[in-house]
Amino acid sequence: MNQKSEEHENLDVLLSTQTVIQKALTKLGYPEAVFELLKEPLRMLTVRIPIRMDDGSVKVFTGFRAQHNDSVGPTKGGVRFHPQVTETEVKALSIWMSLKAGIVDLPYGGGKGGIICDPRNMSFRELERLSRGYVRAISQIVGPTKDIPAPDVFTNSQIMAWMMDEYSRIREFDSPGFITGKPLVLGGSRGRETATAKGVTIVIREAAKKRGIELTGARVVVQGFGNAGSFLAKFMHDAGAKVIGISDAYGALHDPEGLDVDYLLDRRDSFGTVTKLFKDTISNDELLELDCDILVPAAVENQITENNAHQIKADIVVEAANGPTTLEATRILYERGVLLVPDVLASSGGVTVSYFEWVQNNQGYYWSDEEVEQKLENIMVRAFENVYQAAQARRIDMRLAAYMVGVRKMAEASRFRGWV
Ligand SMILES: NC(=O)C1=CN([C@@H]2O[C@H](COP(=O)(O)OP(=O)(O)OC[C@H]3O[C@@H](n4cnc5c(N)ncnc54)[C@H](O)[C@@H]3O)[C@@H](O)[C@H]2O)C=CC1
Ligand SMILES: O=C(O)CCC(=O)C(=O)O
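Here it is in structure tokens:
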């Protein structure tokens, strides 16, 4: 989903994640063989899914499931439905999931899936057939102890419910632990819907403390108004910050006095679209360059590049999205003294509560909102501090520090298993 094409900078997200993994492994003293193992997923399945459309025609969709490394435990990660999904992107996303699991110390490796489609132009029943078709196509390699999917861009709890139901039919027993992000009535966890945003909120609070920024009155800009972005805007607003800019795929809204977040939340559709309701919009590019204290890209990849990194005015950039900042932009922001909290740390609250959901499904006993929130709080604060201290101690940027923290567990597990 590389949205922008530029002449100079390489926007291949797999290549950039490989570059940082190699640096991290070298700094940690691992031999080249470990990089050879971790630079690509162990397994990558491409599937073709024929779906009967509502008009009677058959359309064949292409889907992917990548399983990066299962030395620590089953692989885990979301499934995105988006017209620009690519195999390379899904591979990179699966590697990022492994790193997240390492950073927040979950007993998982990384997985990720995607289908090339535009759910915004499909009917409810077409989406159901596609979700079920995808599960049938990948059913041999997934399962509650093998690889556990979850929501990502343009997928939600309804889609998780169809996928869980289809898997339960194939396996002929009820399998709530096959997938996370389910509706509560089907074994979903309290707090999963807002978990990614809650995790980002905790990380913002910790980062703001380091920079001496008060959240009350801080000016916040959020790109993307879906699951991650909209709840984040709400939590920032509730914390007393002024949300002065938000956006979706079609444009952005800006009000230096603060937007009415509750109203926008109420009016957004299930794909995180809200700006179409307004005439007075700005572009996503303009949004990123707004004068603010905290900038949160919460949409798609490659949004902050070498072309706009010098124009970013925020003191703190927190990546709720996967891969929104290129490596060159990471370098520029670091040199400019901007505190960049990377995706693999900042957005790991989602998979953390997904892990809680899986644990609750396995034990058949469900936790309260408070229990989920407290456990998430403890994990996120510890993860932030580990990465921040590693970056400070080695005088490196937070992305490299996060990769060093995140890669260690799977490198060690792979070594103990005798794989490298
Ligand atoms: N949902 C989750 O639990 C997690 C999501 N993430 C990441 O957060 C990001 C957003 O995911 P969700 O909020 O779940 O997706 P979503 O589907 O709920 O919302 C996506 C938002 O991004 C906007 N968008 C799409 N294309 C865009 C573009 N080219 N420019 C600007 N905005 C665009 C959409 O209009 C929508 O507002 C993704 O990078 C995802 O991988 C990361 C961790 C967990
Ligand atoms: O909740 C999960 O298991 C995965 C979330 C995800 O796909 C992500 O963090 O990018």
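According to the numbering used here, the sequence shown holds residues 374 to 793 in order.
For every residue, glycine included, the Cβ atom is placed at its ideal position computed from N, Cα and C.
- For L718, the shortest separation between its Cβ and any heavy atom of ligand 2 does not lie below 8 Å.
- Remark: the shortest separation between the CB of V673 and any heavy atom of ligand 1 falls under 8 Å.
- Annotated three-state conformation of V595 is strand, per DSSP.
- In this structure, the CA atom of P556 is about 18 Å from the CA atom of K449.
- The shortest C-alpha to C-alpha distance from T589 to any of I577, G645, G506 and V745 is the one to I577.
- Nearest Cα to V673 within the set Q762, A439, R453 and Q391: R453.
- A straight-line Cα-Cα distance of about 45 Å links G402 and P492.
- The continuous alpha helix (DSSP H) containing K473 extends over residues E460 to I476.
- Spanning the alpha carbons of V431 and T419 requires a straight line of approximately 19 Å.
- DSSP, read as helix, strand or coil, puts L605 in helix.
- As for any alpha helix (DSSP H) of minimum length 4 sitting wholly inside the stretch 712-758, the runs are 716-719 and 722-736, ordered along the chain.
- Excluding sequence positions up to five before and after T648, its CB lies within less than 7 Å of the CB of S620, D621, Y623, G624, A625, L626 and T654, all in the same chain and listed in chain order.
- Fewer than three beta-carbon pairs drawn from the stretch 706-716 and the stretch 593-613 are found closer than 8 Å, and the two stretches are therefore not classed as touching.
- One residue list follows from the rule of a beta carbon closer than 5 Å to any heavy atom of ligand 2, given in chain order as K449, G450, G451, A523, D525, G723, V724 and S727.
- By the C-beta density criterion, N751 is exposed, having fewer than 16 other C-beta atoms within 10 angstroms.
- Put simply, the backbone Cα of F651 is about 42 Å away from that of Y739.
- Two segments are said to touch when three or more pairs of C-beta atoms, one from each, lie closer than 8 Å; by this definition the stretch 502-521 touches the stretch 426-442.
- Between ligand 1 and L384, a heavy atom-to-CB distance of less than 8 Å is absent.
- D525 counts as buried, since at least 16 other C-beta atoms from the protein chains shown sit within 10 angstroms of its C-beta.
- The Cβ atoms of Y728 and L415 lie no closer than 9 Å to each other.
- Three or more beta-carbon pairs separated by less than 8 Å are not found between the stretch 689-700 and the stretch 543-556, which leaves the two stretches without contact.
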